[in-house]
Amino acid sequence: MKAWRFYGFGDMRLDDIPAPVCRPGHVVVEPLCVQPSVTEAQLAFGIRTLAYDSISKRLETEAPVSLFGHEFSARVIEVGEGVTRVRAGDRVAARAKLPCGACPLCDTARGHLCRKGPIIGFQLPGCFAEVALLPEVALVKVPEVISDNEAACLQSLSDSVAAVETADIQMGDAMAIFGQGSMGLECLQIARSSGAGLLITVDVRDEACAVSEQLGADHALNASRCDPVAAIRELTGGNGADIVFECAGGSPKQGLAGHQTLTQAIDAARSGGKVVGVSWFGQPILLDIDALRERSLRYLFPDISTLAHLEHTVRLVASGRVRLKPTITHVLQGIDAVPQAFEITANKGKYKAINPAQVVICQ
Ligand SMILES: [Zn+2]
Numbered sequence: 073m074k075a076w077r078f079y080g081f082g083d084m085r086l087d088d089i090p091a092p093v094c095r096p097g098h099v100v101v102e103p104l105c106v107q108p109s110v111t112e113a114q115l116a117f118g119i120r121t122l123a124y125d126s127i128s129k130r131l132e133t134e135a136p137v138s139l140f141g142h143e144f145s146a147r148v149i150e151v152g153e154g155v156t157r158v159r160a161g162d163r164v165a166a167r168a169k170l171p172c173g174a175c176p177l178c179d180t181a182r183g184h185l186c187r188k189g190p191i192i193g194f195q196l197p198g199c200f201a202e203v204a205l206l207p208e209v210a211l212v213k214v215p216e217v218i219s220d221n222e223a224a225c226l227q228s229l230s231d232s233v234a235a236v237e238t239a240d241i242q243m244g245d246a247m248a249i250f251g252q253g254s255m256g257l258e259c260l261q262i263a264r265s266s267g268a269g270l271l272i273t274v275d276v277r278d279e280a281c282a283v284s285e286q287l288g289a290d291h292a293l294n295a296s297r298c299d300p301v302a303a304i305r306e307l308t309g310g311n312g313a314d315i316v317f318e319c320a321g322g323s324p325k326q327g328l329a330g331h332q333t334l335t336q337a338i339d340a341a342r343s344g345g346k347v348v349g350v351s352w353f354g355q356p357i358l359l360d361i362d363a364l365r366e367r368s369l370r371y372l373f374p375d376i377s378t379l380a381h382l383e384h385t386v387r388l389v390a391s392g393r394v395r396l397k398p399t400i401t402h403v404l405q406g407i408d409a410v411p412q413a414f415e416i417t418a419n420k421g422k423y424k425a426i427n428p429a430q431v432v433i434c435q
């Protein structure tokens with residue numbers, strides 16, 4: 073089978089390698105549609121972000137290595153011994169970060185807190201290949217009403233579901249969301265169906281603001297033309313938002329916001345309010361902790377998404393409560409197009425992409 077393998081940062085090649093053999097508790101799938109996550113796209117080019125050190129080490133010691141590809145839809149072609157939740161012919165999507173199944177946290181039904189398990193595409197091969205082997209524990213069945221392209225977004229959406237759950241929205245809470253890329257737009261729609269009141273979004277791209285309004289933002293602020301903190305305070309009667317999501321931060325070289333949006337998110341929250349950190353910054357950041365302390369702010373981070381989050385994600389999309397189609401801006405055809413998808417996804421600002429670029433591997 074053909075599979076993309078990495079020989080080093082910035083060096084991916086389409087190799088012919090043996091197809092994986094099915095194992096107990098696993099399924100063999102044919103990937104249908106795959107997209108690099110923003111993190112994967114940055115790592116592919118050696119940009120420092122989440123998991124940089126572990127990927128760097130794998131490339132030094134194991135190259136060529138099958139990496140990335142945890143955001144996908146796939147069709148099951150074979151199931152291993154003991155697999156009960158899916159059958160050959162089913163379409164599936166997956167969560168990426170898996171519990172180890174053997175530590176004290178996993179033993180006590182707190183696998184969402186476990187950090188010892190593998191991540192698909194990082195420690196396990198992912199779906200930038202014609203065939204892939206996946207553990208059943210990662211999978212959810214995808215109903216017909218969800219397209220292959222939409223299903224490839226379910227993993228990222230399940231992380232957004234976990235992020236919104238972390239916020240613990242009270243009915244009518246005013247929310248501000250910095251960043252209207254795929255996760256910002258997902259958090260917007262999930263919050264809207266989870267009791268949020270006033271919804272204010274912030275981006276610097278007119279096209280992202282337009283999609284944000286289309287998907288339910290009451291006010292989509294373009295921060296290149298206004299002071300978003302002042303605008304959020306004015307829209308919330310002077311105090312600031314009850315909950316602020318920060319989904320814009322990251323490497324400015326890739327068109328992300330650096331860390332100024334985190335400072336803005338903190339300033340835009342009311343006293344006693346919550347700031348939910350969704351972005352990865354790729355480097356340490358200096359924060360004025362006394363300012364957070366003085367204003368009794370809660371700076372929260374989402375748990376990793378569970379099977380329950382993933383199943384809720386499927387319901388949100390199947391019922392139309394979350395719409396993914398307006399966020400899918402770039403779809404490429406054929407496994408040869410994978411490097412182009414990495415280029416577009418690592419530089420979404422330059423290519424005016426909202427969701428990562430998708431690759432249809434098989435129809
Ligand atoms: Zn564990």
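All the letters of the sequence shown, read from the start, carry residue numbers 73 to 435 under our numbering. Idealized CB from N, CA, C, for every residue including glycine.
Using a cutoff of 6 Å, the CB of Pro190 does not count as near ligand 1, since none of the ligand's heavy atoms is closer than that. Measuring C-alpha to C-alpha distances from Gln242 to each of Asp314, Ala363, Arg147 and Ala380 identifies Asp314 as the nearest.
When secondary structure is reduced to three states using DSSP, Asn294 falls in the strand class.
For the 7 Å CB-CB criterion, Thr238 and Leu372 form a contact. The secondary-structure analysis by DSSP pairs Ala313 across a beta bridge with Ala341.
Gly421 sits in a helix when the DSSP states are folded into three classes. Straight-line measurement puts the Cα of Val316 at about 15 Å from the Cα of Glu306. Nearest to Thr111 by alpha-carbon distance, out of Gly193, Lys74 and Leu104, is Gly193. For the pair Cys259 and Asp360, the Cα-to-Cα distance works out to about 26 Å. Between the alpha carbons of Val151 and Val431 lies a gap of roughly 25 Å. Secondary structure of Arg182 (DSSP, three-state): coil. Between Glu366 and the set Val276, Ser343 and Pro356, the nearest pair of CA atoms involves Ser343.
Taking a C-beta distance under 7 Å as the contact criterion, Ala201 and Val236 do not qualify as a contact pair.
Three or more beta-carbon pairs separated by less than 8 Å are not found between the stretch 405-412 and the stretch 272-288, which leaves the two stretches without contact.
For Val158, no alpha helix (DSSP H) run applies, since DSSP gives it neither H nor E.
Contact between Leu229 and Ala166 does not hold, since the beta-carbon distance rounds to 12 Å and is not under 8 Å. Looking at the backbone, the Cα of Val212 and that of Ile304 are separated by about 38 Å.
In this chain, the alpha helix (DSSP H) harbouring Pro300 covers Pro300 to Leu307. Taken through DSSP and simplified to helix, strand or coil, Leu328 comes out as coil.
With a cut-off of 6 Å, the C-beta of Leu177 is classified as near ligand 1, since at least one heavy atom of the ligand falls inside that distance. Straight through space, the alpha carbons of Ile416 and Tyr423 are spaced by roughly 6 Å.
Rounded to whole angstroms, Gly173 and Asp179 show a C-alpha spacing of 7 Å. When C-beta atoms of the stretch 368-382 are compared with those of the stretch 335-349, three or more pairs fall below 8 Å, so the two segments count as touching. Secondary structure note for Ala123: it is in no alpha helix (DSSP H), with a DSSP letter that is neither H nor E. Taking non-hydrogen atoms of ligand 1 into account, the C-beta of Cys434 is found less than 6 Å away from none of them. The closest CA to that of Gln114, considering only Val148, Gly392, Ser377 and Phe353, is found on Phe353. In this model, Val148 and Glu102 are separated by some 6 Å (Cα to Cα).
Taking 7 Å as the cut-off, the beta carbon of Glu134 is found no closer than this to the beta carbon of Ala224. Judged by the Cβ position, Pro171 qualifies as a neighbour of ligand 1 at the 6 Å threshold, a heavy atom of the ligand being closer than this.
Beta bridge pairing from DSSP links Val276 with no other residue. Distance from the C-beta of Cys186 to the nearest heavy atom of ligand 1 is below 6 Å. Straight across, the Cα-Cα distance linking Ser145 with Ile249 is about 28 Å.
Under the three-state reduction of DSSP, Val164 is assigned to strand. If you draw a 10 Å sphere on the C-beta of Asp245, you find 16 or more other C-beta atoms in it, and that means buried.
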